[in-house]
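Numbering (UniProt numbering), first residue to last: 1 to 736. Beta carbons are placed, not taken as given, at the ideal position from N, Cα and C, and that holds for glycine. Quick notes on the structure that follows.
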């Protein structure tokens, strides 16, 4: 039923206080270019936040701006730093590697002298280019958070220190360590590992910047200026930041709508596809809402700004996408638990590898042991494991935003693919939410005009669409409306009040029963109207039936196709509405809905969700009204219409910007693709380490003679992270 304009907490079941399409308003300001004061966070540990760039104390990963800017991809201090270190030391790495592999053939210096030359060339590589790795490795020990940098610093440090001692004091090693006139050194291993790790980090940082492409493309949608009309009729172009609420703005053909507002003059077709995913332009006339950053395709419009800055739909979408990208998927919790213990296990395996080869391997046993232990440390870096789900989530949330589907967090993405039952409200969800007044039927002794006038008097000022339809019809007929007194909303069943000293009740049969009003004289007429899909409200005056009012709400043109797609995906669809059973049944039969519940209260919707969950079903609830909020919050996935209320959307895990049920099918397809992608990444990370560690440890050597060079291990480690990110980026092209 409907109500007067009362505080939201008092609104009855079924109330849908419609505004322009929007999402819950964040408190943050619009994104700005990264500065020293910009908040940065870790992709793997979103709880880590600081002002200015740096690296995560838990995993050592480079921090990223919470809200990237348009130039963020070109202004990555970590990428600049690693690139400088890589390119400046790459020639030294190449020379050291050449000497190690072919120096003895050149014969230009003795082998002992060659070790000294390699030491001098390797020093800047290890002490300067590799300095960030050792700092992060030490921090991981101090923070008691072992990670990939723990392993890299241990591996390269062990190879380098061993080689330094072998060069400076070769006499401390037994004769078995001698090879071609010197104790074997592995400066090239330390140098190549550092260079390859730098290269891998550069590739990873560049790939990670692409995961923010969706937010950057959204930011790029906003125009830089707006054409403001002054009080004297003059016009000027002003920066978007100078537009205020209430300003009159001109939007010419081919220009973008600067901010959210309402058309006050003109008509046109506006392309909203960049924000809502709706492919066809939407006709706009006087009184229609406009969304900032959409494209005016044909006619000229004059609009009044209503939401500016951080309050615009575009800014809110950017905030929600950023929030979702930084959330953690439940699937990641397992990977996090494994990763911490995995590093410790790898260190243990590395020690056992050293001892096993040193005690039981062929000569030079300890040299084999050291090199294989270093290979184990390097190849087992858990970076791919840590990146497996965050990268998929970042790409998926960005892709969803471009389709008008906003996930609140990673858990919603993971849960959506398991949904098998969908509960939908009727008004504003299946229907347009813009009801049309149909007719008035007066009881004996009453006139239809008087029934409409009294009902409209009670409803005037209410933002509910049913009330708006009744009030509009009364004003079109030129009826004089009275002010309502002692207004009271009866949750889910109707409203009461006093008009000109008379007590009025307007609502469904339940309200009439509570008021001891006999609806029998109009029962047949009411049932006939309900059978046509209309919502029927009875009006009682001073405890006597005065008449009924019928209002119809057209079904959205997209609803049948959306329900067909959801049925094809295997979902059971249930409608729960505050409308009468006959009205609900008529709509349900027309749309082929599996199960219909009418005249339900907020508690009934909540109970329905809980009952289905108790039966083992994974339930999604779609609605847009204040009274849908409890059920939205209780459902496994709450889905709010972007055309609905803030309360509903704050209770939901998924918002459909356009308020189109086809977005649910899109969200489910995206969820399935994302979960599959995360499983692929996690599977690859586990298999990679399961195969790489035994190979690096030399377990296959007795059977195949295979050993894994630490340099090859470093290359494999770097490529593993890049492959996980590349796989996640495939979601940008996933078929939805």
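Which residues DSSP lists as bridging residue i, in chain order
i	result
residue 235	229
residue 55	62
residue 555	431
residue 510	Paired residue(s): none; residue 510 is not in a bridge.
residue 265	302
residue 540	505, 545
residue 50	40
residue 296	270
residue 407	654
residue 421	572, 619
residue 441	548
residue 498	485, 503
residue 251	301
residue 307	260
Residue i, DSSP secondary structure in three states
i	result
residue 595	strand
residue 527	helix
residue 681	helix
residue 389	helix
residue 639	strand
residue 434	coil
residue 728	helix
residue 493	coil
residue 38	coil
residue 503	strand
residue 241	helix
residue 515	coil
residue 289	strand
residue 426	coil
residue 658	coil
residue 197	helix
residue 485	strand
residue 24	Confidence at residue 24 is low in this model, with a pLDDT of 45, below 50, so its placement is unreliable and the value that follows should be read with caution. Looking at residue 24 - three-state DSSP - the assignment turns out to be coil, as it is neither helix nor strand.
residue 570	coil
residue 736	coil
residue 673	helix
residue 534	coil
residue 583	helix
residue 284	strand
residue 741	Absent from the structure is residue 741, since the part of the chain shown begins at 1 and ends at 736.
residue 668	helix
residue 380	coil
residue 89	helix
residue 16	With a pLDDT of 35 at residue 16, under the threshold of 50, the modelled position of this residue cannot be trusted; read the value that follows with caution. Three-state result, residue 16: coil.
Nearest-angstrom beta carbon gap, residue j and residue i [assumed within contact, 8 angstroms]
i	j	result
residue 479	residue 442	With 8 angstroms as the limit, residue 479 and residue 442 do not qualify as a contact, their Cβ atoms being about 14 angstroms apart.
residue 598	residue 621	Actually they are not in contact, since the Cβ atoms of residue 598 and residue 621 sit about 17 angstroms apart, beyond 8 angstroms.
residue 591	residue 563	6 angstroms
residue 727	residue 672	Contact doesn't hold; Cβ gap of about 16 angstroms is too wide.
residue 49	residue 41	5 angstroms
residue 422	residue 194	With a Cβ gap of about 53 angstroms, residue 422 and residue 194 do not count as contacting.
residue 662	residue 558	5 angstroms
residue 708	residue 373	With 8 angstroms as the limit, residue 708 and residue 373 do not qualify as a contact, their Cβ atoms being about 12 angstroms apart.
Residue i Cβ short of 7 angstroms to the ligand HEM heavy atom set
i	result
residue 295	Of ligands this structure carries none, so the ligand HEM is not represented either.
Q: Could you name each continuous alpha helix (DSSP H) segment of 4 residues or more that falls completely within the region 107-138, going from the start of the chain to the end?
A: 111-124
Q.
Tell me whether the region 408-422 and the region 435-448 touch, counting them as touching only if at least three CB pairs, one residue from each stretch, are closer than 8 angstroms.
A. no
Q. Counting Cβ pairs closer than 8 angstroms, one from the region 361-381 and one from the region 139-155, do we hit at least three?
A. yes
Q. Does the count of Cβ pairs from the region 509-525 and the region 425-433 closer than 8 angstroms reach three?
A. no
Q.
Three Cβ pairs or more, each shorter than 8 angstroms: is that satisfied between the region 418-428 and the region 504-512?
A. no
Q) How about the region 342-357 and the region 673-686: do they share at least three Cβ pairs that are nearer than 8 angstroms? A) no
Q) Would you call the region 157-165 and the region 183-203 touching, i.e. three or more CB-CB distances under 8 angstroms? A) yes
Q.
Whether or not the region 384-398 and the region 578-585 are in contact is what I'm after, with contact meaning three or more pairs of Cβ atoms, one per stretch, closer than 8 angstroms; do they touch?
A. no
Q) Any contact of the region 293-301 with the region 265-274, i.e. 3+ C-beta pairs under 8 angstroms? A) The answer is yes - the region 265-274 touches the region 293-301, with three or more Cβ pairs under 8 angstroms.
Q: Please determine if the region 543-552 and the region 565-572 are in contact, where contact requires at least 3 C-beta pairs separated by less than 8 angstroms.
A: no
Q. Does the pairing of the region 237-248 with the region 307-323 give three or more beta-carbon distances under 8 angstroms?
A. yes
Q: Report yes or no: do three or more beta-carbon pairs, one from the region 90-101 and one from the region 111-125, lie closer than 8 angstroms?
A: Contact holds: three or more Cβ-Cβ distances are below 8 angstroms.
Q) Is the region 494-502 close to the region 472-486, with three or more CB pairs under 8 angstroms? A) yes
Q) So, do the region 651-658 and the region 402-409 have three or more beta carbon pairs nearer to each other than 8 angstroms? A) yes
Q.
Would the region 248-260 count as touching the region 220-229 if we require 3 or more Cβ pairs under 8 angstroms?
A. yes
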